[in-house]
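Asker: In full-length UniProt numbering, the protein residues as written are 1 to 1045.
A single structure is presented below for examination.
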C-alpha cells in the first residue's frame, strides 16, 4: 500500500521468495457454480490503497453481492447469485482496522450460500513506468505490471514533484506505441498475460519525459490523462479498447500513438463441418474424412477437451476418447473425424435396431473446467451419417479448374467443356459418362433405346469427385442441337459392400459377365454456332415479322434449371438448387403447372415464403407467457429482470408491442403461465422456464379449442404438434396434411400422416415439401389455372395466405416485387403465348346488381333522428358483443356490426360480415376491387357509400389507444357540403360536432350521450368525416355483388 511513489528499483523487482501479489479493486474472480466471471468491487474499506494509490485493497470482509456477482447460480436452479463467501489463505501479517486481512492471488473462497469454489484469476493491480535499459532505444520507455513484497506495505515519503518538472519541447511527441510488441492484441480474463507498453518519442526528448495515457472502451472514455501506462485491470469488460499515448496532445486513431486491446470472454461461437478442401459438408459417409471447424474466441490459455459421439440404440456411444485440443491465439481449431470399419458396422447395426427409421447423427462434445459461454450448444450442430450410395452433383464448367459454370446450358461449337461429377460412398467399380442427343417426348417414344454419341469412364477413386472433358467438335456434335449428359455407376454383383444400392439399379447379364448399373444424374446443354464479335459499323434500320410459335410455347414445358433458380434463391448451394429444379420438373405436368406463368408466380411466392437461402420453415411456438396472455414487447432497450422466486418472467418496458397469436390462451392465462417461456436476464434466455412448444401446439390447435372457422381437423391427441405448420407454403392441421398425403403417397410412395417423423418430411425433405406445396397450389387453391395470364400478383397472394408486415412493407409488396422484377423476366411471361387476362382493377363503376336502396330502407327502419335522442328509446341500442352475424344479434349493434349487416342487405356479401373496423381497413387493402377506397379528399360520397377510420391515438396521459368508427352515407347536399349518415355510435353530440337538418351546429342538449343507431348530419370535411384527426377518415364504395367475386 502506498501514499507516495516507489523508487524505480522498488517498482521493477521480480516476484521471488515469499512475495505475494495483492488483490485490488477490479480483480477478476470465478466461481465454479456461477454463470460468468465476477469483477471485484471493494466495499469493506475505503482508506488503504496499493500501487500508486489507485486501487483499494480487497479484504476478507468483501464477501457478499456488493463485492462479487457471478450471474446465476447452478446450485440454485440457475437463480440469481447471492454469495456469502468465507475467504482462506489471506495475508495475515497486516490487519486493516485490526480485523480485516488483505487478499492475495493465492487466496481462495467458499460460498456458504451455494457451495461454490471461488478462485482469483487476476489481481486488479495498476502498472508503473520503467525506463528502457536498451541503449539503442534511448528514447523508448517500457511500461509493465509491478510485483510486490512486504516492503510495499510501508508508507513511503512523496518526492518533490516540482523538482522534476522540466519543460518539454513542443515538437516532442509519441511517434509509436506497442503493447507486447504489437499494435493490436487480444486478451482474456484467464490468460493472465502481462501487458508491456513500449513507447518511442521523437528527437529532442529527454530521459524521463512524461507520457500521458487515455483509455477508451468502444466510444466511451474510461480514463484520461494517466501519468502511468494503464493497468491490466482497466481491461476487464468484453469489447475493444483503444489506448492513446501522448506528450502534449492526445493521439488519434490514425496516428502511431494508439494501440488496440480486445478483451474476449470465453465463448463458443460456431461449429462448421468441412471436407479436406475446406468446402462445407452435411454428412459423413463410409470412406471420407470430415473436419469440425470450431471457433472459441476468448479461450486462449484455457484447456478444452473434445470427443465425438452418437445416440445409439443403447444410448450415448462415444467414437473417440476425451482429448485436449490445441487452440490458436484466435481460439480456432480443426478436429478430424473419420470412422473405422468397426465403428461403421456398429452405427449401421444401431440404425437397423431403431424401428422408426431414425437417422444417425454424430455430435462433437466439448468440455472444460473453466466456464465457457454456450459451450453445450455444440450439440446443436451435428453431422449426419449417410451411407447411401448416390450421385451428389453433375455440373458443366467452361474451364478446367471448374470455377466458371456453363451459363444457360449453352456452349460454343468447337469449344471444350468440363463435366464435374460428385459421388458418395462408392468403393469399387467405374463411373461412366454418356452423352445422348436430347429427344423430345414424342421422339423418345419412337426410340426407346437411344445410343450415346460419346461414352467414357473412370475407375472409382477415394475422393468421389471426377472430371471429364468434352470437345464439342463436328462431328459428332451439331450446331443448334441439344444434348443430354448422363452419369452411372457400374459395379459387379460382388463389388458392393453396402446394401443401400437398390434404388434406380438395373442389371445387364450375359453368359460371360454380370454387371449392375446405378443410374445417376443428368444435365442438358446445347451447342450453338460460335460467331465472332463483329466490328461496330453503322447499320440500316430493319423490322422483323414475328410469326406465332407452332405447337404451343416452347418455354412452358421446358424444364427449369439450377442456373435459373440462382436468381430466385441466390444464397443456396448448387446441390440444393438442383434438387428444387428436379422436384418441380418431375411433377409440374401432373399438377398442370408446366406454364411460364405458373413458374413465375409459384417461385415469386416461394422466394418470399422460404427466403433467398430456401429455408423450409417449421412453425415455432416459442412464445412468452406474457405474450400468450395478451401482449409482450420485443426489440426493446430497457429490460426488467425476471424473478425466480415468484417465477415471473422478465420483459421489455419499451420496444414493439406484439399481441397474442392465440385467443384461447388469452382466455386461459393459467395455461399460458404453465407452458409459456419465461426469461430471466435477457429476451429469450429461458432462464426461468423454456416454452413447452409441443403442449402449446396441442392446446391451441386442438379442434375443441378452435372456432368453427379455424378448425384444422385435429381430433386426436397430439395432432396439434404432429401437424404443425411446415413446408414451402406452410400447411397446418390433420385435414391439410391428409389432403397432401394423397399426392405424396401416389407420387412419392411416402405417407406423411402416420408418424411424427414422416410428418416432419414436409419441413426437411425438398421433394416432399415441393409436392405438398404444388398440391396446395393446384388442387386446393386452383392456382394452376388462375395463374395463367394473371399479372395481378395480389390475387395469387391472397389465396396463399394473409397479408403480414408493417405499413411500410408487407409480404404482398415483397411478392409483387419478386414477380415483377425477377421471376416474370426469368420465365419470360411477356413472350408466352398464353394471353394476358383483362385488367379490371381500374374500374370503379357501381355494380347495378347491388341492392343499395334495399339496404338503406333497412337502415331507416332501425334508426332514430338525432333530434329524438333523449326523447324516445333507441330502436337498436349500441352494444359491443360477439353476436355479430346471427339474426338474433341484430337487436343491439356497434358501428362495424351495423355496416357488416348492411353489406349483406345490399347483397355485397351473402351473410353478414362479422368484422371490426381494423378488419374492414385490412380487407379494403387486400381487396381493392371489391371495397374501393377513395384517397382523393375532394371525392363526393354517393348514396350507399361508407366512411371508415381506424388507428392509434394518444390520450392526454400519453397512453396509446387503438380505435375506429364507421357508418353509412345515405345523402349528400352539394350546396351545403353536408353528408347525412346512419351509424351506430357511442359518444356525445358535442364531441362529434353534429349538425341539425339546416346545417347549423346542434346546440340543443349538446352534452347528451349517444348510444344507439342514429341518423345524423356532418360537414363532409368536418372532424367526424374526412377532417378526422390524428387518424384520417376515408370514404369507401361497395363495388361488386357477391356472386361476381
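Here a beta-carbon is modelled for each residue, glycine too, at the ideal position from N, C-alpha and C.
1) Reducing DSSP to helix, strand and coil, say where residue 380 ends up.
2) Starting from residue 258, trace the alpha helix (DSSP H) both ways and give me its first and last residue.
3) Confirm, please, whether the CB-CB distance from residue 298 to residue 267 is below 7 Å.
4) Measure the C-alpha to C-alpha separation of residue 180 and residue 328 and round it to an integer number of angstroms.
5) Taking 7 Å as the threshold (C-beta atoms), are residue 658 and residue 640 in contact?
6) For residue 639, which beta-bridge partners are listed by DSSP?
7) Who are residue 1024's beta bridge partners in DSSP?
8) So what does residue 697 bridge to, in DSSP terms?
9) Name, in chain order, the residues that DSSP records as bridge partners for residue 934.
10) How about residue 986 and residue 878: are their beta carbons less than 7 Å apart?
11) Could you give the first and the last residue of the continuous alpha helix (DSSP H) run that contains residue 852?
12) Work out the CA separation of residue 714 and residue 665 for me, nearest whole Å.
13) Measure the alpha-carbon distance for residue 322 versus residue 186 and round it to whole angstroms.
14) Per DSSP, what are the beta-bridge partners of residue 375 in this structure?
15) Can you give me the Cβ contacts of residue 233 inside the same chain, cut-off strictly under 6 Å, excluding the 5 residues immediately before and after it?
16) Closer than 8 Å by C-beta to residue 613: which residues in its own chain qualify, once you throw out the five before and the five after it? Chain order, please.
17) In whole angstroms, give me the CA-to-CA distance for residue 97 and residue 68.
18) Between residue 289 and residue 336, is the Cβ-Cβ spacing less than 7 Å?
19) So, are the CB atoms of residue 1023 and residue 990 less than 7 Å apart?
20) Note the first and the last residue of the continuous alpha helix (DSSP H) segment covering residue 597.
21) Should residue 225 go down as buried or exposed, given a rule of 16 or more other Cβ atoms within 10 Å for buried?
22) Can you look up residue 1043 in the DSSP assignment and give me helix, strand or coil?
23) Quick one: what's residue 1018 bridged to in DSSP?
24) Is it the case that the region 34 to 54 contacts the region 65 to 79, given that we only count it when at least three CB pairs across the two stretches are under 8 Å?
25) Have a look at the DSSP bridge pairing and note the partners of residue 364.
26) My understanding is that residue 944 touches residue 852, with C-beta atoms under 8 Å, so please give their C-beta distance in whole angstroms.
27) For the alpha helix (DSSP H) containing residue 739, name the first residue and the last one.
28) Going by C-alpha distance, which of 909, 595, 326, 704 is nearest residue 788?
29) How about residue 984 and residue 895: are their beta carbons less than 7 Å apart?
30) Closest to residue 558 by C-alpha separation, out of 566, 582, 574, would be which residue?
31) In the DSSP assignment, the alpha helix (DSSP H) including residue 897 goes from what residue to what residue?
32) Near residue 460, which residues of its chain fall below 7 Å by C-beta distance, leaving aside the five closest residues on each side in sequence?
33) Could you say if the region 411 to 421 and the region 308 to 327 meet the contact criterion of at least three C-beta pairs nearer than 8 Å?
34) Out of curiosity, what's the CA-to-CA distance linking residue 45 and residue 57?
35) Taking only the alpha-carbon atoms, compute the straight-line gap between residue 376 and residue 576 and give it to the nearest angstrom.
36) Classify residue 214 as buried or exposed, calling it buried when 16 or more other Cβ atoms lie within 10 Å of its own Cβ.
Answerer: Let me lay it out:
1) Helix.
2) Annotation: residue 258 is outside any alpha helix (DSSP H); the continuous beta strand (DSSP E) that includes it extends over 258 to 263.
3) Judged by their CB atoms, residue 267 and residue 298 are nearer to each other than the 7 Å cut-off.
4) If you take the alpha carbons of residue 180 and residue 328, they lie about 18 Å apart.
5) Cβ atoms of residue 640 and residue 658: not closer than 7 Å.
6) Looking at the DSSP assignment, residue 639 forms a beta bridge with 652.
7) DSSP, once it has assigned bridges, lists no residue as partnering residue 1024.
8) Partner(s): none; residue 697 has no beta bridge.
9) Per DSSP, 1035.
10) Yes, the pair counts as a contact, with Cβ atoms nearer than the cut-off.
11) That run of the alpha helix (DSSP H) goes 852 to 862.
12) One alpha carbon belongs to residue 665, the other to residue 714, and they sit about 17 Å apart.
13) A direct Cα-Cα distance of roughly 28 Å separates residue 322 from residue 186.
14) Bridge pairing for residue 375: absent [DSSP].
15) For residue 233, where only same-chain residues beyond five positions count, the Cβ hits under 6 Å are 26, 124.
16) Same-chain partners within the cutoff: 569, 571, 572.
17) Taking the straight line joining both Cα atoms gives about 22 Å.
18) In contact: residue 289 and residue 336 (Cβ atoms closer than 7 Å).
19) In this structure, residue 1023 sits away from residue 990, with a CB-CB distance that is not shorter than 7 Å.
20) Here the alpha helix (DSSP H) through residue 597 covers 596 to 610.
21) So residue 225 counts as exposed.
22) Here DSSP, grouped into helix, strand and coil, assigns residue 1043 to helix.
23) According to DSSP, which records beta bridges pairwise, residue 1018 is partnered with 979.
24) Touching, per the Cβ criterion.
25) Here residue 364 is bridged, per DSSP, to 308.
26) Approximately 4 Å separates the beta-carbon atoms of residue 944 and residue 852; this is inside 8 Å, confirming the contact.
27) Element bounds for residue 739: 734 to 748.
28) Of 909, 595, 326, 704, the residue nearest in Cα terms is 595.
29) Going by C-beta atoms, residue 984 is nearer than 7 Å to residue 895.
30) Nearest of 566, 582, 574 to residue 558, Cα basis: 582.
31) Secondary structure note for residue 897: its alpha helix (DSSP H) is the uninterrupted segment 895 to 905.
32) The beta carbon of residue 460 is closer than 7 Å to those of 426, 427, 428, 429, 430, 431 in its chain, skipping five residues each way along the sequence.
33) Contact between the region 411 to 421 and the region 308 to 327 is absent, with fewer than three C-beta pairs closer than 8 Å.
34) The straight-line gap from Cα to Cα measures roughly 8 Å.
35) Looking at the two C-alpha atoms, the distance is approximately 29 Å.
36) By the neighbour-count criterion, in which a residue is buried when 16 or more other Cβ atoms sit within 10 angstroms of its Cβ, residue 214 is buried.
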